[in-house]
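Sequence lines, in order, name chains W and A.
In this text, residue positions in the first sequence follow our numbering: the first is 55, and each later residue adds one.
In this text, residue positions in the second sequence follow our numbering: the first is 45, and each later residue adds one.
Virtual Cβ for every residue (Gly too), placed ideally from N, Cα, C.
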Amino acid sequence: MGLAAAAVVLAVSCNGTPPKARVLPGPDAPGPTDPQDAQCRAAARDPGRVTLHRLNRAEYNNTVRDLLGDTGSPASDFPPDDHGFGFDNNADVLSMSPLLMEKYSHAAQALVEAAWARGAFGACVLDPAKPEACARQLLKTFARRAWRRPVTAEEVERLVAFVTLARQQGDAPEVGVKLALRAVLVSPHFLFRVELDPSPASTAPHPVSDLELASRLSYFLWSSMPDEALLQVAEGGHLHEPEVLEAQVRRMLADPKARALVDNFAGQWLYTRALDSAQPVSRYGFDEPLRDAMRQEMQLVFQEFVTGDHRLKDLLDAPFTYVNDRLATHYGLPMPGTQTMTRVELTGHPERAGLFGKGSLLTVTANPDRTSPVKRGVWVLEQLLCKAPPPPPPDAGGLAPAVDPTLNIKARMAEHRANPGCSGCHALMDPLGFGMENFDPVGRWRTKEEGGAQVDASGELPGGKTFQGVVELRAVVKEDPDLSACMTRHLLTYALGRGAEEEDRCTVRDISQQAEGRGGRLTDYILAIVRSDAFLRRRGEAEAPKP
Amino acid sequence: MNRTPVLSRRTLLRGMGALMALPLLDVMRPRTARAATPAPRRFVAFYTPCGIHMPKWTPGGEGADYSLTPTLASLAPVKGDVLVLSGLDNLPGRPDGDGHHAAATAAFLSCVKARKTEGTNIRTGISMDQVLANAVGKATRYPSLELGIDQGRGIGNCDSGYACPYANNIAWAGPSTPVPKETKPRAAFERLFADFDPNATQEELAKRKAYGLSIIDAVRDDAKALQGKLGTTDRSKLDEYFTGVRELELRVNAMDGAGPTCGTAVEPADNEDVREKTKAMLDLIVLAFQCDLTRTCTFMLGNARSQRVYSFLGLSGEHHAYSHHQRAQANYDALAKIDKWEVEQYAYLLQRMKGVQEEGGTLLDHSAVYFSSEIADGNMHEHKNLPILLAGRAGGAIAPGRHVRYPGQPLANLYIALLNMFGVPATTFGDDGTGPLSGLGA
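And the structure:
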């Protein structure tokens, strides 16, 4: 089928209503008119509110790295963070517990002792006779950084009082300073990202303060605390100025700390994190070096989107990747002659271009012992198009054991489309997965299924249009008008640490249109998010009626 | 200074390999008060995900005259200590639409229907173990202990619009406050014993407490100053912080030089092999009870909708995928293998508890050890006729060694009965508890 001008678009509900297709206009035709456009133009934007945000494990580790130079990742021993809306930085589900409080307390003590031994706390000398001046300076500096805001004189004096306490106990002043440092690290001002509303019970939107904005920015882009440059701009009251804000975003994205977007945003959005627990059966020869190469490939490719000039949508078909000899062999690409991950152009191998050709994604969306067109299809729908299909009804029948191994998986799954109870969703999910059937459960290219059947990677999408193989499939997805809004929705959810919900629909729409209008790079999306009301403003919350 | 000369934990750790168990050493026995007082009652909730293949689980007979099914076979050595309870329903575990695993796991110990949300305003009910912890937990260093195996994969949605806390926690301190579990045996061990320092003098301990409490005072002041400036939802987040601080304070006050005088404290190694990890966690439960560090414990053998691959059982598919068995014999067989392994773990725990002698009987005699899954049949997401085992005598309140049927009775009534056994005068519980389940005693 020709995909050039008229692409089938997956505008479908699988919930009862029969699937229907839209056809995209050609490049010169006017865009589709959507009644919601007018609604969004008229509607005032509700910036929503972000719940008091406890640092998650990644944020804690990165923050103590930047605050104290400690790279021991102490939070790795904390209980796992729950996640909501697909991300583990969702403030609503980041709860605090007695167990965690104990962990924070022990970590604070160990961190302070280690950092003190390294001499991490500034230059002044604690004179045993008159330690207060130095203690005051040291604690003020430290608390400002740890709490990500200037501290009041009263707060500093309360910290300095630990020196007096130590003296009363017959200890040296440094004992008191270390106690104060520990107190800083278990204070709610450190463990939570605090944002205050002038009137907490009012739902009128207001701008977040420049310092709050600095933290929003640094935890979005770095999963960590603001650095000195960012803090200073915020303290000067300039961060909300659009040019200043943009300059800071660009500076921060160029910093190696922006690697956090790869680990924490992409790791969850693209399911790379699930690679850790993937257990393909032994006949596929999957091992730790391969797992590691696949993980690095996805990270390095996404890293190029963080720093490079690619359009975000080009994630679908970017004609380059990173391989080492092991992964290249696995993929059937020429070996670069090293076990170090090396950037290669995919000339002559269009099937490997973009996300759908990546071993990481193909492995985590397969079963351990066979491919799962359904899982692969669901991944595309949920993570790229934000159309989550409901799970199958109980006892739905599903994929029967392969009685006739000469039948390919598509033939065996024909029941999905034949059964009226299943077809609504499966007509949507299955073809997307069929298009990736040339990749086995660990992402190797194949033309035959394990049972010997010829792979059939063609699919028919809702509306009757057909495609052949992964190259045509990803072109369809790339053209889907919901792709941009869906990527925005995931990125916004991550950026804010709260669910992007129905109330945010117009915000999502604004951001995606603005980002695409400016070139559609990841940077454009990030800047559009950072400029949005949802990011720059917040509101209070009406008091709930007492039950 | 007045310290009991006992073998310290460090001495023991130096002398032992990880995961090696030693018999109870006389020198470590308590010398004073506890020998004269009756042993306390303890409670364990043992959760296993994705349901159970019921045809191979449910015994045919009733009363004492029943025979163990293939899935329950490993209970043979403790058959006289186990009640098999059939027929109980947990209907509050039914979701709105889909999301059976998460909704039922949230209701596993709460019997309260979870609000369907991916994260905003999560709500279920306080769990039965936490009700118990509130009542009996003050007597011990830890009001309750939450253990589990799975960290969670941290991607995607957990279950059809139900937020991950529902799927990953069975203990809930309140309707919107899950109690996270420790998933690393070594971390759990360190936590249990971290506050003992046999080398510290009383003076040193007193100073440490004073310092610890001063930090607590300072951060509590910080939090109080903040509290007045926050809205409703943020205040409830901060309330969780206050709870943490209060418990930390109790912990600091309980800092002790003596060390536990209660048996073999062997620090487990971290090992991601689920067999080793499970054994280490179950050993820790026994140890925590032996040392009377807590009296209430929950254990999750997996998170809801577990996708674990049991390769060591010769299986290549994921647990959740098998549980949607589609009436295929191959899937039934796989499920039966997994179920059997799960029951073996439970049997191991019971035998360990039965091996610990206390004043007036074994540790198992003094405990109620509850086993179940969030659903029965995984394919149908059945919330009725759940697979339930209850072992131990709870100090005489339970008469085990029987198979009892309670067709159509709410699971919440079992929890009411259990709470009553521990002296909690509950008459209702959760959404549908109406009174204590009868017939658990003799």
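*Cα separation between G553 (chain W) and E162 (chain A)?*
Spanning the two alpha carbons is a distance of roughly 8 Å.
*Run down chain W in chain order and give the residues with a C-beta less than 7 Å from the C-beta of Y255 (chain A).*
Near Y255 (chain A) (Cβ distances below 7 Å), the residues of chain W are L233.
*To which residues of the same chain is Q322 (chain W) closer than 8 Å at the C-beta, ignoring the five residues directly before and after it?*
Closer than 8 Å at the Cβ level, and outside the excluded window around Q322 (chain W), lie H137, G140, F141, D142 and Y548.
*Just grab the DSSP bridge partners of F499 (chain W) for me.*
Before going on, a small fix: residue 499 (chain W) reads as Trp here, not Phe. For W499 (chain W), which the question treats as bridged, DSSP gives the partners W:F493.
*Just the C-alpha distance for G95 (chain A) and P422 (chain W), rounded to the nearest angstrom, thanks.*
Rounded to the nearest angstrom, the gap between the Cα atoms of G95 (chain A) and P422 (chain W) is 21 Å.
*May I ask you to report which of helix, strand or coil DSSP gives R78 (chain A)?*
Note on R78 (chain A): pLDDT 46, under 50, position unreliable in the model; no value is reported.
*As assigned by DSSP and simplified to three states, the class of P73 (chain W)*: Confidence is the limiting factor: at P73 (chain W) the pLDDT is only 41, short of 50, which leaves the residue's position unreliable, though a coordinate-based value still follows. P73 (chain W) falls in the coil class under three-state DSSP.
*asked:* Taking 8 Å as the threshold (beta carbon to beta carbon), is F374 (chain W) in contact with chain A?
replied: Answer no: the Cβ-Cβ gap between F374 (chain W) and chain A never drops below 8 Å.
_DSSP-derived helix/strand/coil call for H107 (chain W)_ = Looking at H107 (chain W) - three-state DSSP - the assignment turns out to be strand.
*May I have a chain-ordered list of the beta strand (DSSP E) segments no shorter than 3 residues that lie completely inside the region 149-218 of chain A?*
As far as the region 149-218 of chain A is concerned, its whole beta strand (DSSP E) runs of at least 3 residues are 189-192 and 216-218.
*Pair every Cβ in the region 499-519 of chain W with every Cβ in the region 536-544 of chain W, then say whether three or more of these pairs are closer than 8 Å.*
No, the region 499-519 of chain W does not touch the region 536-544 of chain W.
*Taking the DSSP output, what are the residues bridged to M483 (chain W)?*
Bridge partners of M483 (chain W): none, in fact.
*May I have the straight-line CA-CA distance separating T76 (chain A) from A313 (chain A), to the nearest angstrom?*
Confidence at T76 (chain A) is low in this model, with a pLDDT of 41, below 50, so the placement of that residue is unreliable and no value is reported for it.
*Quick one, which of A:A150, A:P219 and A:I199 has its alpha-carbon nearest N165 (chain A)'s?*
Looking at the Cα atoms, A:P219 is the closest of the given residues.
_Please report the straight-line C-alpha distance between G478 (chain W) and M424 (chain A), rounded to a whole angstrom._
M424 (chain A) has its alpha-carbon roughly 21 Å from the corresponding atom of G478 (chain W).
*Taking Cβ-Cβ distances shorter than 7 Å, what residues in chain A pair up with R212 (chain W)?*
Within chain A, the residues near R212 (chain W) are A262.
*By the 10 Å Cβ neighbour count, where 16 or more other Cβ atoms means buried, how is A79 (chain A) classified, buried or exposed?*
The predicted position of A79 (chain A) is uncertain, since its pLDDT is 48 and thus under 50; a value taken from the coordinates is nonetheless stated next. That one is exposed.
*G288 (chain A) touches chain W at which residues, Cβ-Cβ below 7 Å?*
Going along chain W in sequence order, the residues near G288 (chain A) (Cβ under 7 Å) are M150, S151, P152, L154 and M155.
*Among all the DSSP beta bridges, which residues are the ones paired with P222 (chain A)?*
In the DSSP output, where bridge partners are listed per residue, P222 (chain A) has A:W216.
*Which of the three DSSP states, helix, strand or coil, is assigned to T396 (chain W)?*
T396 (chain W): strand per DSSP, three-state reduction.
*Using a Cβ cut-off of 9 Å, pull out every chain W residue sitting near L282 (chain A), in sequence order please.*
Against L282 (chain A), the close residues of chain W are L106, M150, P242 and F246, in the order they occur along the chain (beta-carbon pairs closer than 9 Å).
_Which of the three DSSP states is assigned to P469 (chain A) in this structure?_
Three-state DSSP puts P469 (chain A) in coil, outside helix and strand.
*Going straight from the alpha carbon of C188 (chain W) to that of E403 (chain A), what length do you get?*
Roughly 58 Å between the two C-alpha positions.
*Under 8 Å Cβ-Cβ, which residues of chain A neighbour P133 (chain W)?*
By Cβ distance, chain A contributes P224, K225, E226 and T227.
*Expressed to the nearest angstrom, what Euclidean distance is found between the alpha-carbon atoms of N134 (chain A) and L481 (chain A)?*
A straight-line Cα-Cα distance of about 14 Å links N134 (chain A) and L481 (chain A).
*Spatial distance of Q223 (chain W) from F216 (chain W) (CA atoms)*: Approximately 11 Å between the Cα atoms of the pair.
*Measuring only between beta-carbons, confirm whether K381 (chain A) sits less than 8 Å from chain W.*
No, no contact with chain W.
*Grouping DSSP H, G and I as helix and E and B as strand, with all else coil, what is T92 (chain A)?*
T92 (chain A): strand per DSSP, three-state reduction.
_Partner residues on chain W for E291 (chain A), Cβ-Cβ distance less than 7 Å_ = Within chain W, the residues P152 and M155 have their CB atoms less than 7 Å from the CB of E291 (chain A), given in chain order.
_For M325 (chain A), report the span of its alpha helix (DSSP H) as first-last._
Residue range V318 to Q334 is occupied by the alpha helix (DSSP H) that includes M325 (chain A).
_L129 (chain A) in three-state terms, based on DSSP_ = Secondary structure of L129 (chain A) (DSSP, three-state): strand.
*Consider the Cβ of L270 (chain A): report whether some Cβ of chain W lies at a distance smaller than 8 Å.*
Output row for L270 (chain A): interface = yes.
*Identity of the residue in W:S253, W:G506, W:R203 and W:D330 nearest G291 (chain W) by Cα*: Put simply, of W:S253, W:G506, W:R203 and W:D330 the residue whose alpha carbon is nearest the alpha carbon of G291 (chain W) is W:R203.
_Looking at chain A, is there any beta carbon in it that lies within less than 8 Å of the beta carbon of R327 (chain W)?_
Chain A, which has a Cβ nearer than 8 Å to the Cβ of R327 (chain W), makes this yes.
_Every unbroken beta strand (DSSP E) within the region 381-441 of chain A, with a cutoff of 3 residues, ordered by chain_ = Unbroken beta strand (DSSP E) runs of no fewer than 3 residues, entirely contained in the region 381-441 of chain A, are found at 411-417 and 432-435, following chain order.
_Using a Cβ-Cβ cutoff of less than 7 Å, which residues in the same chain neighbour R498 (chain W) once the five nearest sequence positions on both sides are dropped?_
Within the same chain, and ignoring the five residues on either side of R498 (chain W) in sequence, the residues whose Cβ sits closer than 7 Å to its Cβ are H384.
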